[in-house]
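A.B. asks: Sharing a structure with you now.
Residue numbers (my numbering): 87 to 300.
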C-alpha cells in the first residue's frame, strides 16, 4: 500500500495561494473575464488591511482554506494573514499586465536581482534598489516587510518581472515567527547574490505553477 505524504503547513499554504492565483490569472489573461478583473480590484483595495476584515474578498482569501491553518481565535492566524497579503500583492502586481506575474521559481531575491539588472544596476553593494532590499531584509515585523514589498512589487510590475507567489506566501508565514526570520532572510540573500542571469534571458511567463516545499 502506497501512502501519500501530506504537505506541511507552509506547503499547504503555498498550494492554496497558487491554486487561487492560477484561477484568477487564467480569468484575467486567458478568458479576459470581467468578474476576474473585479476580483483583482477588490483584492488591491484590501491590501494592507487585516485578513478577514474585508468581506468582499472572503471567497478568495478564505474559501477552501486548509483546515489546519484556519485561525482558532478572534484574530486571523499567521497563515490567513500570509495568504491574504500574497493574494492582494499578486493583484497589485498583475494590474495592467498582459504577462503572467505569478511564475514558478521566481523567488523574491531572484526577481529583485533581475530588477536590479533591468534598472541598469552593476554595483551590488549600493544604490536605491540595494538599499530597499536591505531595508526589507532587516524588517522586524510583517507590517514593515509589507510596507517595503508594496513599492518593490510596483517596480517589478513596471519591468514585467514575475514572482512566485506560493513561495512568497510561505515566506510571509515563516517570517511571522521570529525564530524563522533569519532563514527567510538567508534565502532572499542567496537568491539575489547567487543568481546568474543567462544571456538574453527573459522570465518564463508560461509557467504558472510553483514548487512547494514542506
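A virtual CB, placed ideally from N, CA and C, is assigned to each residue, including glycine. Here the structure is a predicted model, which is why all the values come from computation and not from measurement.
Could you check the C-alpha separation between residue 102 and residue 249 for me, to the nearest Å?
C.D. replies: Against the chain shown, residue 102 aligns to sequence position 16. Against the chain shown, residue 249 aligns to sequence position 163. Computed Cα separation, rounded: 16 Å.
A.B. asks: Can you pull the DSSP bridge partners for residue 249?
C.D. replies: Along the chain shown, read from residue 1 onward, the residue named residue 249 stands at position 163. Its beta-bridge partners are 188.
A.B. asks: Provide the residue span of the alpha helix (DSSP H) that contains residue 99, from first to last.
C.D. replies: By 1-based counting over the chain shown, the position of residue 99 is 13. Per DSSP, residue 99 belongs to the alpha helix (DSSP H) from 95-111.
A.B. asks: Curious, which full-length alpha helix (DSSP H) runs of at least 4 residues does the stretch 253-284 contain?
C.D. replies: Taking only runs of at least 4 residues, the alpha helix (DSSP H) segments lying wholly in the stretch 253-284 are 267-280.
A.B. asks: Taking all protein chains shown into account, decide if residue 277 is buried (16 or more other Cβ within 10 angstroms of its Cβ) or exposed.
C.D. replies: Numbered from its first residue, the chain shown carries residue 277 at position 191. So residue 277 counts as buried.
A.B. asks: Using 8 Å as the cut-off, can you tell me whether the stretch 200-210 makes contact with the stretch 164-172, which would need three or more C-beta pairs spanning the two stretches below that distance?
C.D. replies: Too few Cβ pairs lie closer than 8 Å, so no.
A.B. asks: Do residue 72 and residue 274 have their CB atoms nearer than 8 Å?
C.D. replies: Past the edges of the chain, shown from 87 to 300, lies residue 72, and the structure says nothing about it.
A.B. asks: What does the alpha-carbon distance come out to for the pair residue 148 and residue 187?
C.D. replies: The residue you call residue 148 lines up with position 62 of the chain shown. The residue you call residue 187 lines up with position 101 of the chain shown. In a straight line, the C-alpha of residue 148 is about 22 Å away from that of residue 187.
A.B. asks: What residue range does the alpha helix (DSSP H) around residue 193 cover?
C.D. replies: Indexing the chain shown from 1 puts residue 193 at position 107. It is not in any alpha helix (DSSP H) - residue 193 carries neither H nor E in the DSSP assignment.
A.B. asks: Can you grab the Cα-Cα spacing for the pair residue 96 / residue 161, in whole Å?
C.D. replies: On the chain shown, position 10 is the one that residue 96 refers to. On the chain shown, position 75 is the one that residue 161 refers to. So the alpha carbons of these two residues sit roughly 19 Å apart.
A.B. asks: Starting from the Cα of residue 178, find the closest Cα among 243, 109, 105 and give me that residue.
C.D. replies: For the purposes of this step, residue 178 is taken as residue 92 along the chain shown, with counting starting at 1. Checked all of 243, 109, 105; the closest Cα to residue 178 is 243.
A.B. asks: If you draw a straight line from the C-alpha of residue 209 to the C-alpha of residue 219, how long is it?
C.D. replies: Here the question's residue 209 lines up with position 123 in the chain shown. Here the question's residue 219 lines up with position 133 in the chain shown. For residue 209 and residue 219, the distance between alpha carbons rounds to 13 Å.
A.B. asks: Mapping the DSSP letters down to three states, classify residue 154 as helix, strand or coil.
C.D. replies: For the purposes of this step, residue 154 is identified with residue 68 of the chain shown, where counting begins at 1. Looking at residue 154 - three-state DSSP - the assignment turns out to be helix.
A.B. asks: The alpha helix (DSSP H) with residue 161 in it runs from where to where?
C.D. replies: Residue mapping note: residue 161 aligns to position 75 of the chain shown, counting from 1. Looking at the DSSP string, residue 161 is not in any alpha helix (DSSP H), and its letter there is neither H nor E.
A.B. asks: Give the secondary structure of residue 140 by DSSP, where H, G and I count as helix, E and B as strand, and everything else as coil.
C.D. replies: For the purposes of this step, residue 140 is taken as the residue at position 54 of the chain shown. Three-state result, residue 140: coil.
A.B. asks: Report the option in 121, 163, 225, 125 whose CA atom is closest to the CA atom of residue 138.
C.D. replies: Within the chain shown, numbered from 1, the residue matching residue 138 stands at position 52. Comparing Cα positions, the closest option is 163.
A.B. asks: Would you call the stretch 98-112 and the stretch 250-264 touching, i.e. three or more CB-CB distances under 8 Å?
C.D. replies: Touching, yes, given that three or more Cβ pairs across the two stretches are closer than 8 Å.
A.B. asks: Look at the Cβ atom of residue 175, then the Cβ atom of residue 239, and state whether they are nearer than 8 Å.
C.D. replies: Numbered from its first residue, the chain shown carries residue 175 at position 89. Numbered from its first residue, the chain shown carries residue 239 at position 153. Cβ distance < 8 Å, so residue 175 and residue 239 count as in contact.
A.B. asks: Return the CA-CA distance between residue 156 and residue 165, expressed in angstroms with no decimal places.
C.D. replies: Taking the first residue of the chain shown as position 1, residue 156 is located at position 70. Taking the first residue of the chain shown as position 1, residue 165 is located at position 79. Whole-angstrom Cα-Cα distance: 8 Å.
A.B. asks: Got a sec? Which residues, its chain only, sit under 6 Å from residue 284 by beta carbon, not counting five neighbours each side?
C.D. replies: The residue given as residue 284 occupies position 198 in the chain shown. Same-chain partners within the cutoff: there are none.
A.B. asks: Determine the contact status of residue 183 and residue 246, defining contact as a CB-CB distance below 8 Å.
C.D. replies: Taking the chain shown and counting its residues from 1, the one referred to as residue 183 is at position 97. Taking the chain shown and counting its residues from 1, the one referred to as residue 246 is at position 160. Result yes, Cβ atoms of residue 183 and residue 246 sit closer than 8 Å.
A.B. asks: Alpha carbon to alpha carbon, what distance is there between residue 119 and residue 265?
C.D. replies: The residue given as residue 265 occupies position 179 in the chain shown. The residue given as residue 119 occupies position 33 in the chain shown. For residue 265 and residue 119, the distance between alpha carbons rounds to 42 Å.
A.B. asks: Let me make sure I understand the geometry here. Which of 159, 213, 133 has the alpha-carbon closest to that of residue 232?
C.D. replies: For the purposes of this step, residue 232 is taken as residue 146 along the chain shown, with counting starting at 1. With distances taken between Cα atoms, residue 232 lies closest to 133.
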